[in-house]
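Undergrad:
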Amino acid sequence: MNQDSILVGCAHCGAKNRVPGNRVREQAVCGKCRRPLSMANRYPDGAVDVIDRDFNTQILAFPGPVFVFFWSPNCGYCRRMLPDVDTLARDYAGRIKFAKVLLDQNPVSGSNYAVQSVPTLIFMKKGRQVDRVTGALPRMELDRYLSRLL
Ligand SMILES: [Zn+2]
Numbered sequence: 000m001n002q003d004s005i006l007v008g009c010a011h012c013g014a015k016n017r018v019p020g021n022r023v024r025e026q027a028v029c030g031k032c033r034r035p036l037s038m039a040n041r042y043p044d045g046a047v048d049v050i051d052r053d054f055n056t057q058i059l060a061f062p063g064p065v066f067v068f069f070w071s072p073n074c075g076y077c078r079r080m081l082p083d084v085d086t087l088a089r090d091y092a093g094r095i096k097f098a099k100v101l102l103d104q105n106p107v108s109g110s111n112y113a114v115q116s117v118p119t120l121i122f123m124k125k126g127r128q129v130d131r132v133t134g135a136l137p138r139m140e141l142d143r144y145l146s147r148l149l
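Numbering (numbering that gives the first Met the number 0), first residue to last: 0 to 149.
(1) Would DSSP call I121 helix, strand or coil?
(2) Beta carbon of K31: closer than 7 Å to some heavy atom of ligand 1?
(3) Could you pull out every unbroken beta strand (DSSP E) segment of at least 3 residues lying fully inside the segment 52-120, listed in chain order?
(4) Compare the C-alpha of V129 against each of I121, F69 and L136 and name the closest.
(5) Measuring only from the beta carbon, is R34 closer than 7 Å to any heavy atom that is part of ligand 2?
(6) In chain order, what residues of the same chain lie with their CB nearer than 6 Å to the CB of R143, ignoring the 5 residues before and after it?
(7) In the DSSP output, which residue or residues are listed as bridge partners for Y42?
(8) Spell out the partners DSSP gives Q26 in its beta bridges.
(9) Consult DSSP for R34 and reduce its assignment to one of helix, strand or coil.
(10) Exposed or buried, which one is R41 when buried takes at least 16 other CB atoms within 10 Å?
(11) Can you name the start and end residues of the alpha helix (DSSP H) that R143 belongs to?
(12) Is the distance from the Cβ of V28 to the Cβ of P19 below 8 Å?
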């Protein structure tokens with residue numbers, strides 16, 4: 000799989016289009032209906048790192064569901080969950096966007112969501128929190144929460 004390509008959902012017909020990362024700045028059109036693709040609807044192929052400054056555009060303004068993983072590299076549970084988060088990001092590519100937020104470095108986002116400890120998992124849809132879990136979840140459980148976002 001090309002790590003640099005992104006998935007973009009067509010706002011007109013709903014088709015998922017794969018656009019190479021180096022062509023994101025060009026005006027791409029939908030492969031199915033040929034209408035222009037809005038890059039605001041893009042789904043990354045893996046989990047993306049989001050910082051305070053980008054929280055609004057990357058997460059709250061995103062039109063589809065978003066899984067937000069507040070974590071810290073010092074936390075053993077977080078480190079054990081990371082591979083699952085990355086795997087799930089690829090499994091759900093084009094359907095759910097996966098965001099990783101380092102709590103220590105992004106205090107504004109943490110405080111906006113009253114994140115007290117890591118890992119904290121927030122399941123969002125159209126900028127609103129739908130579900131929330133404090134603490135690590137095994138992959139099966141994560142899958143269950145993620146499927147409720149679809
Ligand atoms: Zn289309």
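Beta carbons are placed, not taken as given, at the ideal position from N, Cα and C, and that holds for glycine. Note that the coordinates shown come from a computational prediction; the quantities given were computed from them, not determined experimentally.
TA: The structure says:
(1) Numbered from its first residue, the sequence shown carries residue 121 at position 122. Reduced to three states, the DSSP call for I121 is strand.
(2) Here residue 31 refers to the residue found at position 32 when the sequence shown is read from its first residue. Yes, since a heavy atom of ligand 1 falls inside the 7 Å radius drawn around the Cβ of K31.
(3) You should have 64-70 and 96-101.
(4) The residue labelled residue 129 in the question sits at position 130 within the sequence shown. With distances taken between Cα atoms, V129 lies closest to I121.
(5) Although ligand 2 was asked about, the structure shown includes only ligand 1 as ligands.
(6) Residue 143 sits at position 144 when you count from the first residue of the sequence shown. For R143, where only same-chain residues beyond five positions count, there are no Cβ hits under 6 Å.
(7) Translated into the one-based positions of the sequence shown, residue 42 becomes position 43. Paired residue(s): L6.
(8) Against the sequence shown, residue 26 aligns to sequence position 27. By DSSP's assignment, Q26 forms no beta bridge with any residue.
(9) To locate residue 34, count along the sequence shown from 1; it is residue 35. Shown here, R34 sits in coil according to DSSP, grouped into three states, outside any helix or strand.
(10) Position 42 of the sequence shown, counted from the first residue, corresponds to residue 41. The residue is buried, with at least 16 neighbouring Cβ atoms inside 10 Å.
(11) Walking along the sequence shown from the start, residue 143 turns up at place 144. Judged by DSSP secondary structure, R143 falls within the alpha helix (DSSP H) whose first and last residues are R138 to S146.
(12) For the purposes of this step, residue 28 is taken as residue 29 along the sequence shown, with counting starting at 1. For the purposes of this step, residue 19 is taken as residue 20 along the sequence shown, with counting starting at 1. No, they are not a contact pair.
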